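By the count of this note's numbering, the sequence shown reaches residue 343 at its end, each step adding exactly one. C-beta: ideal position from N, C-alpha, C; glycine also. Fair warning: this is a prediction, and the values are worked out from it, not measured in the lab. See structure below.
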Amino acid sequence: MRRFIRFFSSHKVYFYAVAALTLILVTGLLSWSAIDEVRFSSERIGIDMDLHEQGMKISGVVAGLAADEAGLRRGDVLTELNGRMVADFASFDEAMRDRAPDRPVQLRVLRESETLDLELVPGAPPDIRRLLAQLILVCAYLGLAALAARYQRQDLRARLLMLFVALVAIEMALPLGYTYPLWLFQAQSLFWYLATGVQIALELHLVSLIPHRLNILKRRPSLVWLYYAVGLLIGIGLCILAIVDWIHSGSPYSHLQTPAANMVLVGWAVVVATILAWQVTRATGSRERNQALLVLIGLTPWVGYILLSTFWSGWADLSEHWVQNVQNVVLLFFPA
8 MRRFIRFFSS HKVYFYAVAA LTLILVTGLL SWSAIDEVRF SSERIGIDMD LHEQGMKISG
68 VVAGLAADEA GLRRGDVLTE LNGRMVADFA SFDEAMRDRA PDRPVQLRVL RESETLDLEL
128 VPGAPPDIRR LLAQLILVCA YLGLAALAAR YQRQDLRARL LMLFVALVAI EMALPLGYTY
188 PLWLFQAQSL FWYLATGVQI ALELHLVSLI PHRLNILKRR PSLVWLYYAV GLLIGIGLCI
248 LAIVDWIHSG SPYSHLQTPA ANMVLVGWAV VVATILAWQV TRATGSRERN QALLVLIGLT
308 PWVGYILLST FWSGWADLSE HWVQNVQNVV LLFFPA
């Protein structure tokens, strides 16, 4: 047993175990994403919605898809679907599930002071471009993890970066969950929050070692565990807030952009940038200063993205697909 424990705890076995687990998870999740997209394509109508006191407010309409061709506009409020009241995401999903296949969907919407009856036929080709972009993005993160893994035996920073990037790759491979049962979508959301807490801890630990260990950690190495305690508490706290939100609202999606989640992201970005800026000012040589400065520059696009998306009111008016593409790109700079 001791030999087994010694063998399994070696860096080499640790690396192969993490690599194998990551590849299995990513492959499975990407396959699941493809299945989810194909299944959902027959139901896609091309709208984004938010909760509204009178029904579901249309916050976006995708050009060229069924909703656009039927005449739906941004700002319309969907009140009925196939004669059934639509008050939240759950009732919308239920009405869509119970509709007769291959039959048009009857919609009743409010447009300013006017009530309109519209008809549309759901269905669109699978979004292959999104799946391909997801695959490329995940492969990019896995490539960065593999690059960091080359140095993981001799450098703690490389091990931290490898774990951080591998966890992000798993997150990026998660399906959108269009055809999930509600409980599975909620479980995925809870995983996302817990993973965010772990990422916060790993990133704080990492920047505290660039270019060298912070002086306070040199004096008291055990303080590094405070990062992981805080990250775990943040992850658990966000999970609890999400569950409370699910209980008190009819939307399984409303927790994704709550003030608490946004403030956590802002705090995370500011603290990491502050530590790196401090490391730049305290560096003793030009090589060390340049290293910390380059990492800080790589972090800047993500910090800007977080601050703009949180505090700029015009952010909500931007295209969701454009915003997602920007987010995917800026996330790559820091680990690169």
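- In this structure, the alpha-carbon of Q206 lies about 20 Å from that of H219.
- Its chain contains L88, N89, R91 and V93 as the residues whose beta carbon lies nearer than 8 Å to that of A102, once the 5 sequence neighbours on both sides are disregarded; these appear in chain order.
- Three or more beta-carbon pairs separated by less than 8 Å link the region 24-36 to the region 149-156, which places the two stretches in contact.
- The beta carbon of P308 lies closer than 6 Å to those of V337 and F340 in the same chain, with the five residues before and after it left out.
- For D105, the secondary structure class from DSSP, reduced to helix, strand or coil, is coil.
- Taking a 10 Å sphere around the C-beta of M270, we find fewer than 16 other C-beta atoms and assign the residue as exposed.
- Pairing N335 with W329, the inter-Cα distance amounts to about 10 Å.
- The Cβ atoms of A299 and I217 lie closer than 7 Å to each other.
- Per DSSP, the continuous beta strand (DSSP E) segment holding R115 begins and ends at V112 to R118.
- By the 16-neighbour rule on beta-carbons within 10 angstroms, F318 is exposed.
- Distance from the CA of S98 to the CA of L58, rounded to the nearest whole angstrom, comes to 12 Å.
- Residue pairing of K64 in beta bridges, as defined by DSSP: D57 and V84.
- Straight-line measurement puts the Cα of I177 at about 11 Å from the Cα of Q141.
- In the DSSP annotation of this structure, T281 is not part of any beta strand (DSSP E); the continuous alpha helix (DSSP H) holding it starts and ends at P266 to R289.
- DSSP places D95 in the coil class of the three-state scheme, outside both helix and strand.
- If you ignore the 5 residues before and after G311, its C-beta comes within less than 8 Å of the C-beta of V337, all in its own chain and listed in chain order.
- The residue among D95, G53, E60 and D100 with its C-alpha nearest the C-alpha of L79 is G53.
- T122: member of the beta strand (DSSP E) spanning E121 to L127, first to last residue.
- Using a 10 angstroms sphere on the CB of V277, the tally of other CB atoms stays under 16, which defines it as exposed.
- CA-CA distance, H212 to L114, rounds to 52 Å.
- In this structure F22 does not touch Y185 by the C-beta definition: roughly 35 Å separates them, more than the 8 Å allowed.
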